[in-house]
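Position 174 of the sequence shown, counting from 1, maps to 161 under my numbering, and the rest follow consecutively. C-beta atoms are modelled at their ideal positions from N, C-alpha and C, and glycine is treated no differently. Fair warning: this is a prediction, and the values are worked out from it, not measured in the lab. Inspection log for the structure reproduced underneath, given as structure tokens.
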Amino acid sequence: MDESVLLSALSHGSASRRASGLEVLCGLGSSAFQSLVLRLLGSEYRDVREGLLALCSVETLKEPGFREHLVAWVGDEEVDPLVRQGLLVLISRLEGTLEDALTAYYRRCFDDADADVRYQAFWVAELRNEEGEDYLARVRAGTSSKDEDLRILASQAICRLRPSWAEEVLTEQARYALGVEAFHVLLARLSLGDAALRLSLEPSLVAYLNDERFVYPAVLALRDYGSEACIEGLLRVAGSFLAEPTVRVAAAEAAARHGSEKGRSLLVAFSNKRSGNPSYAAEALLALDGG
């Protein structure tokens, strides 16, 4: 298909025509495909943008010329935030050391006017294990951002970087955090806290066992940071027919790790069942025995 015809199909109002165009795009040679990427990253149609990014796999990005194209593209004065987001997604998939131009690009995007671009830039920075005083200052400021997703990412970055001011800032963030953000801040504080802090936060973590959105990560966190006081809540999850099999196994294992014989007996029962997740239960039993 001629390039102009392909571009026409990919910008057509019909979803089926755009889907056909994406199929043709998939079959293009590397050079022809790369020449169209920048134009299509800013498509007004979400299915085209997402379809293009799906085609730009880690392996595709290894093809000759692609990184050179990326370096050239980030040097353009591109005003479309959709293109900037797309370029950051591509950069996040690159393996090995980044070219200086690509590193400079995602760092420039920390101050982008578009919230989604800023978030994507911080996501790349976290994938790259960004460090340094300037980045720490940005992470600290990120905990009070208007963007909830960025605040969550900032709390995770604090957990990774472990700055001296971590507990002070996370405690402040916890005062206003709600929902998913509150849970992530709690996990960060548990990860960084001492035994006394973890004990004081344990009741808050146990309360998340009653919320199906958070029950599995809450179980895993209680396994790692909990005490005997959380056994009752864990056994309630492990014995619930409404919980997912994997969650029940994890809860039984966590209870057993804190000394519950009931938790261990549930693991044995789960490992002998044909349904559910018997292999996970068997692995948990083996781990308990030091295997």
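Item to complete: Look up residue 136 in the DSSP assignment and say whether it is helix, strand or coil.
Response: helix
Worksheet item: Going straight from the alpha carbon of residue 198 to that of residue 167, what length do you get?
Response: If you draw a straight line from the Cα of residue 198 to the Cα of residue 167, it comes to about 11 Å.
Practice prompt. Give the C-beta separation of residue 27 and residue -3 to the nearest angstrom, bearing in mind that I take them to be a contact with Cβ-Cβ under 8 Å.
Written response: 6 Å
Worksheet item: Between which two residues does the alpha helix (DSSP H) carrying residue 63 extend?
Response: No alpha helix (DSSP H) holds residue 63; DSSP gives it neither H nor E.
Item to complete: Measure the C-alpha to C-alpha separation of residue 136 and residue 241 and round it to an integer number of angstroms.
Response: 29 Å
Worksheet item: So, residue 218 versus residue 247, is the Cβ gap smaller than 8 Å?
Response: yes
Worksheet entry | Continuous alpha helix (DSSP H) stretch holding residue 13: start and end | 2 to 13
Worksheet entry | residue 190 in three-state terms, based on DSSP | The DSSP-derived three-state label of residue 190 is helix.
Worksheet item: What are the boundary residues of the alpha helix (DSSP H) that includes residue 166?
Response: 166 to 179
Worksheet entry | Alpha carbon of residue 52 to alpha carbon of residue 18, nearest angstrom | 8 Å
Discussion item. For the segment 39 to 48 against the segment 58 to 72, do three or more pairs of beta-carbon atoms, one drawn from each stretch, fall closer than 8 Å, so that the two count as touching?
Written reply: They do not touch, by the three-pair rule.
Item to complete: Identify whether residue 42 lies in helix, strand or coil by the three-state DSSP scheme.
Response: helix
Fill in: Segments of 4+ residues assigned as alpha helix (DSSP H) that fall wholly inside the segment 210 to 275
218 to 225, 232 to 244, 248 to 258 and 265 to 275
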